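Numbering (my numbering), first residue to last: 2 to 340.
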């Protein structure tokens, strides 16, 4: 697996990383699903370790994924081999009034607290669950209130000085929030959704100017660019957060419309690999966080890193074919955001 340096951080990251939102188990926030059906703790630990065996070294999680269960699983998976992994976690969203509902699923209120006062408690909790004394990349899940921003920035820099984190930054889809964090000197890394349908030109300009480390999520647009649903739309389980993001009356069109890219596929390149290669060809991309649930999907993703760059004519065809999809759905629609 090829590695790239994460912007100015000096941290070497594999071109493909493991996103763990879909591996952290179900969660209900404010009465709505905010997770995925549970593949099982043992399965997740084994999957992460096997991903390490094929060259992946990046894992992305957050304090509220599975109400902390995501970080606990990651901590177990990397135990005994912590030095082989680059861990990214996030703070700013917590689960309040946590309890198990009648189906045994963690449930509670969504609380957003990006204050400096909350930071240390969140960081210490993540360190404990991850079973480590340092998180490589620690991100805010939104920009702070401007009135509190300087205090938070000081707290983040102090955490770096203490060695509790190596790099800091922001998880967002809003380049204006990223600009705010950059102005505070807190944008070592930015994680944002980007894919064929959501090019994020403004964010790309910013990260290029700032020499930020870039972690891409939403690369397959909720599975729309996986190729699996070109001719048959998905049926999401009630525990799947995507079940409330899509209008049932429009889901077939939203997923099957992406079959316009099918003529660009071949026996040597699947749709998922084409979508990943599109992102990897951009020098601002350092790692792509895949939301897969199987080793087979990660193995195919790794093969995308070995494919040759897209030809200029192919990129032109991709842009031409996506234009009507953007016109129909909105070029920067928030369809693919995990927070």
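For every residue, glycine included, the Cβ atom is placed at its ideal position computed from N, Cα and C.
These numbers come from a predicted model, not from an experiment.
Residue 137: first and last residue of the uninterrupted beta strand (DSSP E) it sits in: Counted from its first residue, the chain shown places residue 137 at position 136. That run of the beta strand (DSSP E) goes 136-141.
Three or more C-beta pairs below 8 Å linking the stretch 21-37 and the stretch 241-248: yes
Cβ-based neighbour list, residue 13, same chain, cut-off 7 Å, excluding 5 preceding and 5 following: If you number the chain shown from 1, residue 13 lands on position 12. For residue 13, where only same-chain residues beyond five positions count, the Cβ hits under 7 Å are 4 and 6.
Uninterrupted beta strand (DSSP E) stretches inside the stretch 169-205 (no shorter than 3 residues): 190-194
Buried/exposed call for residue 107, threshold 16 Cβ in 10 Å: What you label residue 107 is simply residue 106 of the chain shown in a count that begins at 1. Residue 107 is buried by the Cβ-count criterion.
CB contact below 8 Å: residue 51 versus chain C: Here there is only one protein chain, and chain C is not present.
Contiguous alpha helix (DSSP H) assignments of at least 4 residues, all confined to the stretch 246-298: 252-257 and 272-281
For residue 89, the residue or residues it bridges with in DSSP: If you number the chain shown from 1, residue 89 lands on position 88. DSSP lists 61 and 138 as partners of residue 89.
Exposure of residue 264, with buried meaning 16 or more beta-carbon neighbours within 10 Å: Locating residue 264 in the chain shown gives position 263, where the first residue counts as 1. Exposed, because fewer than 16 other Cβ atoms sit within 10 Å of the Cβ of residue 264.
Contact check, residue 51 vs residue 296, beta carbons under 8 Å: The residue labelled residue 51 in the question sits at position 50 within the chain shown. The residue labelled residue 296 in the question sits at position 295 within the chain shown. Against a cut-off of 8 Å, the Cβ pair of residue 296 and residue 51 comes out as a contact.
Helix, strand or coil at residue 43 according to DSSP, with G and I counted as helix: If you number the chain shown from 1, residue 43 lands on position 42. It is helical.
Exposure of residue 147, with buried meaning 16 or more beta-carbon neighbours within 10 Å: Locating residue 147 in the chain shown gives position 146, where the first residue counts as 1. Exposed is the call here.
Bridge partners - residue 29, DSSP secondary structure assignment: Here residue 29 corresponds to residue number 28 of the chain shown, with the count starting at 1. According to DSSP, residue 29 bridges with 34 and 108.
Terminal residues of the alpha helix (DSSP H) in which residue 118 lies: Here residue 118 is taken as the residue at index 117 of the chain shown, counted from 1. Start and end: 117-131.
Coarse secondary structure for residue 15, derived from DSSP in three states: On the chain shown, residue 15 is found 14 positions in, with the first residue counted as 1. The answer is strand: DSSP assigns residue 15 an E or B state.
Residue 162: first and last residue of the uninterrupted alpha helix (DSSP H) it sits in: Counting from one through the chain shown, the residue named residue 162 turns up at place 161. Counting along the chain, the alpha helix (DSSP H) containing residue 162 begins and ends at 150-162.
Opposing strand residues paired with residue 95 [DSSP bridges]: As a working note, residue 95 is residue 94 in the chain shown. According to DSSP, which records beta bridges pairwise, residue 95 is partnered with 112.
Beta-carbon gap between residue 131 and residue 88 smaller than 8 Å: In the chain shown, the residue the question calls residue 131 occupies position 130. In the chain shown, the residue the question calls residue 88 occupies position 87. Contact: yes.
Rounded straight-line distance, which links the Cα of residue 179 to that of residue 26: One-based indexing of the chain shown puts residue 26 at position 25. One-based indexing of the chain shown puts residue 179 at position 178. In a straight line, the C-alpha of residue 26 is about 29 Å away from that of residue 179.
Residue 73: first and last residue of the uninterrupted alpha helix (DSSP H) it sits in: Numbered from 1 along the chain shown, position 72 holds the residue referred to as residue 73. Its alpha helix (DSSP H) spans residues 70-79.
C-alpha distance - residue 91 paired with residue 192, whole-angstrom precision: Here the question's residue 91 lines up with position 90 in the chain shown. Here the question's residue 192 lines up with position 191 in the chain shown. Answer to the nearest angstrom: the Cα atoms are 10 Å apart.
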